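Residues -27 to -1, 1 to 329 (mature numbering (1 follows the signal peptide of the UniProt record, and there is no 0)) are what the sequence shown spells out, left to right.
Heads up, the beta-carbon is just placed ideally off N, CA and C, and yes, glycines get one too.
Since this is a predicted model, take the numbers as computed values, not measurements.
Worksheet: the structure to be examined is printed underneath.
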Amino acid sequence: MINRRTFLKSSSALGITLLPGCAVSLAKEQPTAIAGCATDGKGNYFAAAVTPQGKLKYSHPLPARGHGLASNTTHQHLAVIARRQGQFVDIISLDNGQLVQRITPVQHRFFYGHAAYSSDSETLYVSEGETHSCKGVIGIYDVAKDYQRIGKFSNFGIGPHQIEVLSNGDLVVAVGGIQTQGRKKINLDSMHSTLVTLNKDTGKITSQAHLEDPLLSIRHIAVTPQDQVFVGVQSQAPDESLSSLVFTKTDAEYLNPLPLDTEEWLGFEGYIGSLAVTDTTLIVSSPRGNRIALFDRQTGKLKQVRFVADGCALASTKHNYYIVDNKGTLYTGDEQAHNASGSLAGIYWDNHWIVI
């Protein structure tokens, strides 16, 4: 698994440690495939789709490192977004990985690595930034018109990252608040991270939730079918100052931390890389901490911590989650069990997966 500190991390495998008493059976629910961005470690980048058993279905070459993905089952498209500060969004066939369209940013813009399709599947929203200021923009692209850019939403903050669409079609956006020059962070003394909701028609901010700690950057989110929003953050401060790395939105202005002692958060090394939800459980990953955590969706209480060497990319269905370790072993899990389901050597995955 690739993390932000080291693209191809070499570490001794922690393997997987199951908690005592875990069951050995999992819900019989398997997606057709899981897709993500990856590299072969030889300077080649691609998007790939694999089965939970580790069988490669297809791969699509990328001009540079990819990051997030968004699927459109109506048009059978998969959007593959370049890692920030990215210069491409490849639209490929959901079935075979063939290139359908390549989107490049308008002048003085770049892509932040994430996108989402509208509820009716006819619009693609892409998180973008202005090259020098990193002021956030949501680029709006018309699927039926060969992904022609038809508008933008702006004036909501610096550094938009993950985007999700709520059941009413509005957008919820993780606004990281960090201004960068290349990969260097230059405004940590004044950064301001928020979770914003934007009206789908006007782009107007309908809610804006803040964190009490100014050195926590909101990067990733997970949204349930009931529009419950979970937030994963990345700390820009010493680990000793941590109070929480995972929050849930319960009102318009503030995000509530999931209840976990500071000592337990220290094991996550100040970094949440990805989130996923099942019917009952929130799963978060920390590649720096070599672990994932399972929380009860309703109460927010910690269920289990499971150790996965450099594990980050998560995907989920109604009952199961899927993750891979740094040796290419794929794992299928639920709140009862966590078992190796396949292996695919020679592929080093980026931070995000999606069920297709």
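Item to complete: May I ask which residues mark the beginning and end of the beta strand (DSSP E) holding glutamate 101?
Response: 96 to 103
Worksheet entry | Of the residues Tyr321, Asn17 and Gln71, the one placed nearest lysine 30, counting alpha carbons only | Gln71
Discussion item. Does leucine 137 come out as helix, strand or coil in the three-state DSSP assignment?
Written reply: Correcting the residue identity first, residue 137 is glutamate in this sequence and not leucine. Three-state DSSP puts glutamate 137 in a strand.
Practice prompt. Taking the CB atoms as reference points, tell me whether phenylalanine 84 and glutamate 101 lie closer together than 8 angstroms.
Written response: yes
Worksheet item: Can you list, in chain order, the stretches of the beta strand (DSSP E) that have 3 or more residues and sit fully within the stretch 102 to 173?
Response: 108 to 115, 121 to 131, 133 to 138, 144 to 148 and 167 to 171
Fill in: Proximal residues to isoleucine 320 (C-beta, below 7 angstroms), its chain only, five neighbours per side dropped
Spatial neighbours of isoleucine 320 in its own chain (CB-CB distance under 7 angstroms, excluding positions within 5 residues in sequence) are listed in chain order as Ala11, Asp13, Ala21 and Gly301.
Worksheet item: Among Ala55, Leu218 and Phe220, which residue has its Cα nearest to the Cα of alanine 88?
Response: Ala55
Discussion item. Cutting at 6 angstroms between CB atoms, please list the residues of its own chain near glutamine 58, excluding the five before and the five after it.
Written reply: Phe83
Discussion item. Can you find the residues in the same chain that come closer than 6 angstroms, C-beta to C-beta, to glycine 176, ignoring five residues on each side of it along the sequence?
Written reply: Phe126
Item to complete: Identify every run of the alpha helix (DSSP H) within the stretch 13 to 54, keeping only runs that are complete inside it and at least 4 residues long; order them along the chain.
Response: none
Discussion item. For valine 219, list the residues DSSP reports as bridge partners.
Written reply: Gly205
Worksheet entry | Alpha-carbon to alpha-carbon, lysine 158 and glutamine 209 | 10 angstroms
Worksheet item: Taking alanine 249 as the reference, which of Ala266, Glu236, Leu275 and Trp238 has the closest Cα?
Response: Ala266
Fill in: Cβ-Cβ separation, isoleucine 76 to cysteine 107 (assumed contact under 8 angstroms), whole Å
20 angstroms between Cβ atoms; not a contact.
Discussion item. Quick test of your reading: tyrosine 244 and glutamine 207, contact by CB under 8 angstroms. State the CB separation rounded to the nearest angstrom.
Written reply: 5 angstroms
Item to complete: Give the secondary structure of glycine 240 by DSSP, where H, G and I count as helix, E and B as strand, and everything else as coil.
Response: Glycine 240 carries a helical assignment under DSSP once its states are collapsed to helix, strand and coil.
Discussion item. In this structure, how does DSSP classify threonine 5 when only helix, strand and coil are distinguished?
Written reply: coil
Worksheet item: Can the beta-carbon of threonine 253 be found less than 8 angstroms from the beta-carbon of arginine 264?
Response: It is not a contact, given that the beta carbons lie outside the stated cut-off.
Discussion item. Tell me which residues share the same chain as proline 232 and place their Cβ nearer than 7 angstroms to its Cβ, disregarding the 5 neighbours each side in the sequence.
Written reply: Gly273 and Lys274
Worksheet item: My guess is that serine 166 and isoleucine 191 are in contact by the Cβ rule of under 8 angstroms, so how many angstroms apart are they, rounded?
Response: 5 angstroms
Discussion item. Please classify glutamate 242 as buried or exposed, where buried requires at least 16 other C-beta atoms within 10 Å of its C-beta.
Written reply: buried
Practice prompt. Would you kindly report the start and end of the unbroken beta strand (DSSP E) that includes glycine 86?
Written response: In the DSSP assignment, glycine 86 falls within the beta strand (DSSP E) that extends over 82 to 90.
Discussion item. At the level of alpha carbons, what is the spacing between glycine 150 and aspartate 200?
Written reply: 23 angstroms
Worksheet item: Which two residues bound the contiguous beta strand (DSSP E) that contains glutamine 309?
Response: Counting along the chain, glutamine 309 falls outside any beta strand (DSSP E), and DSSP gives it neither H nor E.
Worksheet item: What are the uninterrupted segments assigned as alpha helix (DSSP H) that are 4 or more residues long and contained completely in the stretch 225 to 272, given in chain order?
Response: 235 to 238
Discussion item. What residue range does the beta strand (DSSP E) around arginine 279 cover?
Written reply: 275 to 280
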